[in-house]
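Take the sequence shown: its letter number 431 is residue 421 in our numbering, and every next letter is one higher.
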Amino acid sequence: MLSISTDNKLPRSPHLVTPLPGPRAQAIVERDRTVTSPSYTRDYPLVVARGEGCMLEDVDGNVFLDMTAGIAVTATGHAHPEVVRAIQNQAANLLHMSGTDFYYEPMVNLAEKLAQHAPFPQGGKVFFTNSGAESNEGAIKLARYYTGRSLIVAFLGAFHGRTYGAMSLTGSKVVQRAGFGSLVPGITHIPYGTHASLDYLEQQLFSSMVPPQEVAAIFVEPIQGEGGYIVPEDGFLARLREICDRHGILMVVDEVQSGMGRTGRLFAIEHWGVMPDIITSAKGIASGLPLGAIISRPELMTWPPGSHATTFGGNPVACAGALATLNLLEGGLMTNATQMGELLQAGLRKLSEQFPQISPPRGKGLMVAVDLWDGEGNLNPQLRDSILHGAFHRGLLLLGCGKAAIRFCPPLIIDQEQINIAISIIKEVLLQR
Ligand SMILES: Cc1ncc(COP(=O)(O)O)c(C=O)c1O
């Protein structure tokens, strides 16, 4: 399987030259420990030096196959030449001018593209941000402003970010909230993804605690991300839409992780044919540059000048990266995500048949996860963590999510050979346990 390149290109399969972490990585991890916040969550000591496609090289010359894409961000792969060229050209012309106070064309070009592709009947309007949390933060404000209502419904297991509004929507892990109260009031969480949960919302909450006529928005991930790559029951999102329509509530879909082609459609909600009112985006939108967006039905953005703005959001270099990313998505990457996702699920399904510790896979496109079990029907986070470590020590980068899941969110350019390599490394790890 090993393919070592003779030019400066990275091999297309893992190639380890030192024990992990290597000496340079160890030194950097040590320096990092003394000067960076301990709140970061590093699962294993990977110290990256450069990336190319689906491959990453660490500071000691070890090469890894990346099934994380920097948490579902580098949609077009690491350093895609067309994205890099667009960024370099834009950087040489104009780094910054602030779209809040001035105009520049890359921001308009990108807004036009996003509005054109958004699943709204009459185009859309776009507000640019710097991150997923900031997109959700702004969407809370927009929903409250437009409706004149204050309450919000969100879901247990949801992850929407770590700033106060976004953290208050989040219902994923208690460590993300503990010690940070008090949070934004007026947000009620219900279980995710089932009709039983929507029965509870309609039959219990709306008649006892939460007056529906005071609810501004329901925030929902079409596929829950950090919560475990959970795909909702059939009809769940359509029913949520009906509930919103019945009560004049806005449906805000958080596509920060599931959007920008990751599931084989530009936005995951398109799989269900449901039209949201507001979409929040970030992560894959510019293949690695910090950019996010709130995309809404055009009539919703009634907020006046000065009511919401940002210095950096929609930065021209990030917009150039996003335009190049969208061109590549339109040019076949989304189809690749669908096809490779099917192969990945087929490979994982085979593994789950061979190893009872692994659940059958779930997800759409290249947003796929499996759970790890202990053999007695309990989720097994220790086994999950040990597989993440075992894979790292064989040159495969994976991330966890949910309680005991491994998520697969590689760059959308991944090919069949690389999927097979990933599956065979996981199999090797399981066999050697
Ligand atoms: C669905 C979802 N929303 C929001 C966020 C927050 O994004 P950011 O970390 O860019 O603030 C994330 C991050 O993982 C996410 O997965």
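We put the beta carbon where it would ideally sit given N, CA and C, even for glycine. Nothing here was measured: the structure is a model prediction, and the numbers come from that model.
Query                                                                                                     : Result
Proximity test, Gly215 beta-carbon vs ligand 1 heavy atom, cut-off 6 angstroms                            : yes
4 or more residues per run - each alpha helix (DSSP H) lying fully within the segment 8 to 39             : 13 to 25
Inter-residue spacing [alpha-carbon to alpha-carbon] between Ala258 and Gly274                            : 13 angstroms
Assigned exposure category for Glu211 - 16 Cβ within 10 Å defines buried                                  : buried
Assigned exposure category for Met(-9) - 16 Cβ within 10 Å defines buried                                 : Residue placement at Met(-9) cannot be trusted, given a pLDDT of 39 that sits under 50; the coordinates are not used to answer.
Beta-carbon separation (whole angstroms), Ile233 vs Leu191, contact threshold 8 angstroms                 : 7 angstroms
Contact set for Ala76: own chain, Cβ-Cβ below 7 angstroms, skip 5 residues either direction               : Ala310, Gly311, Leu313, Ala314
Cutoff 7 angstroms; reference Ser(-7); Cβ partners in own chain excluding five residues on either side    : Caution applies to Ser(-7), whose pLDDT of 46 falls short of 50 and renders its modelled position unreliable; the model cannot decide the point.
Coil, strand or helix - Leu(-8) by DSSP                                                                   : For Leu(-8), the predicted structure reports a pLDDT of 44, less than 50, and the residue's modelled location is therefore unreliable. The matter cannot be settled from this model.
Near ligand 1: Glu211 beta-carbon under 6 angstroms from a heavy atom                                     : yes
Buried or exposed (CB count within 10 angstroms, at least 16 for buried), Phe54                           : buried
Of the residues Leu388, Gly355, Lys393, the one placed nearest Ala361, counting alpha carbons only        : Correcting the residue type first, residue 361 is Asp in the shown sequence and not Ala. The option with the nearest alpha carbon to Asp361 is Lys393.
For Ile418, the first and last residue of its enclosing alpha helix (DSSP H)                              : The sequence given here places Glu at residue 418; Ile does not occur at that position. Counting along the chain, the alpha helix (DSSP H) containing Glu418 begins and ends at 406 to 421.
Buried versus exposed call for Phe110 [16 or more other C-beta atoms within 10 Å across all chains shown] : buried
Any non-hydrogen atom of ligand 1 closer than 6 angstroms to Phe149 Cβ                                    : yes
Ala272 beta carbon less than 7 angstroms from that of Val307                                              : no
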